[in-house]
Structures are given as structure tokens and as C-alpha cells.
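Below is one structure; the comments refer to it alone.
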């Protein structure tokens, strides 16, 4: 296999995205459907670079599917023999499945053959393998999973860590703040993203010792640190990056998911009760569907694993093809905006200042 | 002032509820409106004991209001000169406002004049003063705030701690589990409430060291411990009591509130968009209103402060009179069911077993 060229000429960088053919509940069909959508002309027009696509996984499974869709000449197939299951423990996947699609994909990114790996597979395994193979960036102790949360008036808030690190020191949290700020600068074009620390009140005396220490350290950085924020602020327009440890972040994310599901369930019950006439219910239901679409977690599918020496994006395991395309576009944007270099540079600057 | 009788005869316990006249955004008018609703015959019929009502606060403010409503002969007025503001720090309120309505109310409960204090005031101050004045029950190191969460099919889940203790040891969490289980037994009539530990995955290897240790300790108690639960499970029917530290619990609660507000905002936007005809929108809106009512946090207003040597219930600061009545009924039920004695007995049994 030849190494793809790193650039295709001055000003036109290649964006080489490798997708995991075996991650996700509906893989591999869902992944192939997504690739077809990505190959449509509209998709690559969003980015300044030229898009190159690859899929990593079992050749005997993926080759016929690529041919059947007529995209075998436009998508490189990178063979990997093992498949990591959603129930495999990260440590088992890490040590026993070294020829898995995730292992091979991460090595391809590490060795410069591809710019980014996108996978809808097992989160723990993806993080563990990526960390082992790619290592962290200089100045970053631990990578974090970042999650984009929809906010009012089409806004969005980046929360990190969303679950990779249950226990964090203040230094880890400060590093998350730097990475989150870089991410929102690079991908959303914000000049000085507002960084908040997730706490249980806005006053300085609130929270754990780690949180109080983190707050005083953040105040000394050149970040646009706005202080403590609360769970209610995640959906508002007053903060761009919310920093927390992975335990709290994961509980917050799953509570959001639970609340939304509970409210949708209750709403459906109201709409099918006898009081609302059928016509009204139908009309309301169409509004409900559009609303579901707006707040669909898949709308912002694609959680970047930040802090790695290479770009890795996690798609929701239950993603459909359209959502998986979102995850691919997150990866494309990171490559297009040189996110890895930017984070390295920012950490360097913070350390020096 | 004479001490009210502890019982009014065999089998008919008195339920003596003292409410804080100054807590909450709309106090004192909201509190007085609530008292009028509580005095209506339907309310006390829910309980086996006979209801006696008191209000604590500034005499010159509350006496005319009681008279104006014609309930001055049916509600005892307990004078207190200080008022704690929503922005007073707990330590300031604790040390500098010793004749506040909360201080006086807590002392009245401690000295046996009243059975329970209900306040919509400053949570931190209410907890700090209650802990100082009432002390904790034997075997309980720290009181916790418990919050009732609506679940599907009219179910409910008790989550604790909801914000009193940012940092907890495994022993604290086990004590929360015992208190929560007792509470659900006493007030919901459950035989063996299912207790879950809030974690970031259902597997035993997930979470912090404190969480893992807590899980192994819980498995050794006689509680009906079902293992790890996640944020999504709060709204389901598979768990009755969810245990977590106050930092995580508070973030979860505020994230719920934020999600619900964001979804309501988005839904409203959809319903007022041009696509839905006015008639449909109106019908859908009435469904939305009923839905809001169903998931209204006020529906379960009244967060018990568990583990104190006396009954204290916190109402939401933004409660209206109807919500405040819910908080009063939470207190009534705790008195009616001898919650404090039950918790003491359960802790005793757990220690001995």
C-alpha cells in the first residue's frame, strides 16, 4: 500500500478520513451508506481541502459491500482481521485484538497514512487504543471526550470531559479547558470562546477542593474564563466551553438523554389522549417530529477525542448513516483547521506565559 | 407559649407543621396562600394524624396577613426577628442571624414544640442551621437533601444527595442509601425499595474508587441493592432510590431542569412556526400545557433533608402556593409515618447485622 500524499499542492491540503467499518449497532451497512452520502459533491464543498476516503475492517465483508454500492474505486479498503464488540472490555480489546479495525486505523493515523479515524465502536476501547497508539500531545496528560450540546437560538456548547476520565486533578481540568477553547476557535470560528467550570453554584465557595483549585488556576490563564457555570447553563448562550471531570460529564449527558426521552414519552401520551382532536394531534405531531429533529443528539453526532497526537472522532454507537456523516464532517473540520497543531501551540503558549 | 400536646389520644397522633414565613421568592404572600389551601378539609384527610399549623417569622409582617385572610385563629404565629436572604452565605446566616425564622423554627422542632419545619428559603442556610440545631441521627455522619424525580408511567425515583455534600466517602453514600430506602418504604409504601448507585456504566469496573468501594459495601447490606445505574435510569421504572454525592446529584438535577426548559423553548418555537395551522397549534399547545403540568418540578416539590434528628423539608425557592402545599404534605407524611424513628432503627439494624 502506498502512502497517500500529504498535500495535493499549495493551499490545497488533502483531508484523508479513515472510517471504522465495524463500529456501531448498524455497521457495516450504516457506515457504507454514510460513505455514499459523503461522496456526494455537496459534502466536500464544505471544506477547503480535498477529501480522500478509506474504510478499515474485514476485507471479505467490506469489499463486496463497496462493490455492490459502486464505490469501490473511490474508497480505499484497509484490511483488519479482528472486530471489537460493544461488550468487549477496553483492556481485552487493547491487548487481545491487535489487528482490530480500531488498532489498524489508529496505527494508520499515527504513521501518517491517514489524517483522522472515525469510529462508532466501543468508546472505552477506542479511547484506550487511541491513547496507546497515538499518545497524547506534549503538555496533555490525558485525552478527553468532548460533546457538543445544542443550545437555544441554534447555539451550541462544548462539554468536556464527557466520560473518559472519572477522576481528574485541577491540572487535567485546565488542560481540558485549553483543548476545548482551541476546538471552538478552530471549528466554530470563535475569537475567545467563553470557558466555564461546571459547579453546583456560581459562587466561588461552592464545589469540591479540586474544583476550587481549578477555578483559581483557570483565572490565571489567558483563556476567556468566565467562572462557575451550572447544569442549567449548558443550554444557554452564556458559555461556549464547559469543563468537568468525566464522571460528572457522563452523568450530565445521560441525564439529558433520559430527560429528553421522558419528556418525549410524556408528550406523546398527551398527544394521544382523548382531549386533543385527531387533526390537532396530527399537526402537533409534525411539530413534535421537527422538534425531535432539532434536538436530535445525532444533529451534533461526532465527539472528538481531544489531546491525542492525531485526530479521532467517536460517533454514537446507535448512529444512522446521516448521523455518521456528521461525525465524518467533525473529523474533516478538525483536519482542515489543523486542530492538533493548534492545541499543541496553545498548550505551549500557556506553559510559557 | 405552651408546648402543644404530642398526641391527641390513642391512635391519633398530632401532626404539627411549622412553616417559614420568609423563605421563597414570593414569600410571605405565597406561604399564606399555601396555608389557606392546607386548611381546606381535603388536605388533612390524606393523613391519619390531626394537623396543627404554625408560621414562624416577623410578627409585624405576618400577623396582619393572617388576620386579613381570616386564618389567625387557626395558625399559630411564632415570632422571629431576622430574615435570611437568598444571597446570604450559609455561614453568615448561621452565625449572624440567630433569631432568623429558620433558626427559631429549627429550635422549635428540636425542643419538641413542633414536628417539622418547611421552608422555601436559602438551601445552604437551611441545611447548615438544621444540622447545627437538630444534629444528625445516631449513625449518620451527614444529612442529605433528597429529590423526587418523576418517572414514566407515573412512577417516581428518589435521588440523594441532591447538593448538600460535594465530597462524600463510601460510608456517607451507604448512609444515604439506608435513608433513601427508609424514606421510600415509609412514604411510598414500598416493601423493599430498589437502590441503585449512580455511575457512568453498569459494569462493576466503572467509576471512581469511592464508587467502587461503595458498591461493594452496599452489596453487603440488607438493602435491596441492584447495582450501578446511569443518568438515563432516573426516569425509568427499574430503580426507586438513586444514590450519588451532592456534586453529581446537583449537576444531574440542574441538567434536567435545563434540558426541560430547552425542550419547552424549542417546542414552543416549532408550534409558533408558520407550518402548523393556528388551530392545530392551539390544540397542541393545550397538550403541551398539560404535559408541562405533568412534568412540573412543583408536582414533587418538597425535598426532605434526611438524617437530621427532626423533620425539615425544603421547598423550591420559586415555588407557588400549590407547590408549597406539596412540600407541606411531604412533611406531614414524614411525621405521620415516623420517618425519623424508622431511619434510626434501620441504621441500628444495619450496624448490628
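Residue numbers (full-length UniProt numbering), protein chains in the order written: chain G, 1 to 353; chain B, 1 to 353.
A virtual CB, placed ideally from N, CA and C, is assigned to each residue, including glycine.
Item to check | Straight-line gap, residue 130 of chain B to residue 23 of chain B (C-alpha atoms, nearest Å) | outcome: Rounded to the nearest whole angstrom, the CA to CA distance from residue 130 of chain B to residue 23 of chain B is 15 Å.
Checklist entry - For residue 74 of chain G, which three-state DSSP category applies? => result Assignment of residue 74 of chain G by DSSP, reduced to helix, strand and coil, places it in the coil class.
Checklist entry - Straight-line CA distance for residue 277 of chain G to residue 136 of chain G? => result Only weak support is given to the placement of residue 277 of chain G: the predicted model assigns it a pLDDT of 48, under 50, and the question is left unresolved by the model.
Checklist entry - Buried or exposed: residue 340 of chain G, going by 16 or more other Cβ atoms within 10 Å of its Cβ? => result By the 10 Å Cβ count, residue 340 of chain G comes out buried.
Checklist entry - Can you list, in chain order, the residues of its chain whose CB lies under 6 Å from that of residue 400 of chain B, leaving out five sequence neighbours each side? => result In the structure displayed, chain B extends from 1 to 353; residue 400 of chain B sits before or after that span and is not available.
Next on the checklist: Please tell me whether residue 34 of chain G and residue 325 of chain G are closer than 7 Å, where the distance is taken between their beta carbons.
Outcome noted: It is a contact, given that the beta carbons lie within the stated cut-off.
Item to check | Where residue 364 of chain B sits in the DSSP three-state scheme | outcome: No information on residue 364 of chain B is available, as it lies outside the stretch 1 to 353 that chain B covers here.
Checklist entry - What residues in the stretch 160–184 of chain B have a beta carbon less than 9 Å from any beta carbon of chain G? => result Answer set for the stretch 160–184 of chain B: 163, 166 and 167.
Item to check | Partner residues on chain B for residue 257 of chain G, Cβ-Cβ distance less than 8 Å | outcome: Within 8 Å Cβ-Cβ: 231 and 232.
Item to check | Segments of 3+ residues assigned as beta strand (DSSP E) that fall wholly inside the stretch 213–273 of chain G | outcome: Listed in chain order, they are 224–229 and 241–243.
Checklist entry - Run through DSSP, which three-state label would residue 200 of chain B get? => result In the structure shown, the three-state DSSP call for residue 200 of chain B is coil.
Checklist entry - Buried or exposed: which applies to residue 140 of chain B, given that a residue is buried once 16 or more other Cβ atoms fall within 10 Å of its Cβ? => result Buried, since its Cβ has 16 or more Cβ neighbours within 10 Å.
Item to check | Sub-7 Å separation of residue 312 of chain B and residue 330 of chain B beta-carbons | outcome: Not closer than 7 Å, so no.
Checklist entry - Beta carbon of residue 180 of chain G, beta carbon of residue 258 of chain B: below 7 Å? => result Residue 180 of chain G places its beta carbon 7 Å or farther from that of residue 258 of chain B.
Checklist entry - What number of angstroms, rounded off, separates the C-alpha of residue 138 of chain G from the C-alpha of residue 246 of chain G? => result Straight-line spacing of the CA atoms in residue 138 of chain G and residue 246 of chain G works out to 21 Å.
Checklist entry - Under the rule that 16 or more other beta-carbon atoms within 10 Å means buried, what is residue 10 of chain G, buried or exposed? => result Residue placement at residue 10 of chain G is poorly supported in this model, since its pLDDT is 46, which falls under 50; the coordinates are not used for a value here.
Checklist entry - Fully enclosed by the stretch 147–189 of chain G, which beta strand (DSSP E) runs are 3 residues long or longer? => result Counting whole runs of 3 or more residues, the stretch 147–189 of chain G contains the beta strand (DSSP E) stretches 155–160.
Next on the checklist: My output table needs one value for residue 311 of chain G: the three-state DSSP class, helix, strand or coil.
Outcome noted: DSSP places residue 311 of chain G in strand when its eight states are reduced to three.
Item to check | Burial state of residue 132 of chain B (16 or more Cβ within 10 Å) | outcome: Exposed.
Item to check | Reduced DSSP secondary structure (H/G/I, E/B, other) of residue 57 of chain G | outcome: Note: residue 57 of chain G maps to strand in three-state DSSP.
Item to check | 7 Å Cβ cut-off: residues of chain B touching residue 208 of chain G | outcome: The answer, in chain order, is 166, 167 and 247.
Checklist entry - When the cut-off is 7 Å and only beta carbons count, does residue 144 of chain G lie next to chain B? => result It does not: the Cβ of residue 144 of chain G has no partner Cβ on chain B nearer than 7 Å.
Checklist entry - What residue does the alpha helix (DSSP H) around residue 48 of chain G start on, and which one ends it? => result In this chain, residue 48 of chain G is not harboured by any alpha helix (DSSP H), its DSSP state being neither H nor E.
Checklist entry - By a C-beta neighbour count over all protein chains shown, 10 Å radius and 16 as the cutoff for buried, is residue 42 of chain B buried or exposed? => result When all chains shown are included, residue 42 of chain B counts as exposed.
Checklist entry - Name the chain G residues that come within less than 7 Å of residue 254 of chain B, Cβ to Cβ? => result Within 7 Å Cβ-Cβ: 230, 231 and 232.
Item to check | Three or more C-beta pairs below 8 Å linking the stretch 199–208 of chain G and the stretch 166–173 of chain B | outcome: Taking one beta carbon from each stretch, the stretch 199–208 of chain G and the stretch 166–173 of chain B have 3 or more pairs nearer than 8 Å; the two touch.
Checklist entry - Taking DSSP as the reference, what is the three-state secondary structure of residue 145 of chain B? => result Reduced to three states, the DSSP call for residue 145 of chain B is strand.
Next on the checklist: For residue 250 of chain G, would you say it is in contact with chain B, using Cβ-to-Cβ distances shorter than 7 Å as the test?
Outcome noted: True, the Cβ-Cβ gap to chain B drops below 7 Å.
Checklist entry - So with Cβ pairs under 7 Å, would you call residue 265 of chain G a contact of chain B? => result Yes, residue 265 of chain G lies at the interface with chain B (some Cβ there is under 7 Å from its Cβ).
Checklist entry - Should residue 111 of chain G go down as buried or exposed, given a rule of 16 or more other Cβ atoms within 10 Å for buried? => result So residue 111 of chain G ends up on the exposed side.
Checklist entry - By how many angstroms is the C-alpha of residue 71 of chain B removed from the C-alpha of residue 40 of chain B? => result Rounded to the nearest angstrom, the two C-alpha atoms are 11 Å apart.
Checklist entry - Checking contacts by CB at 7 Å: is residue 200 of chain G closer than that to chain A? => result In the displayed structure, chain A is absent; the protein chains listed are G and B.
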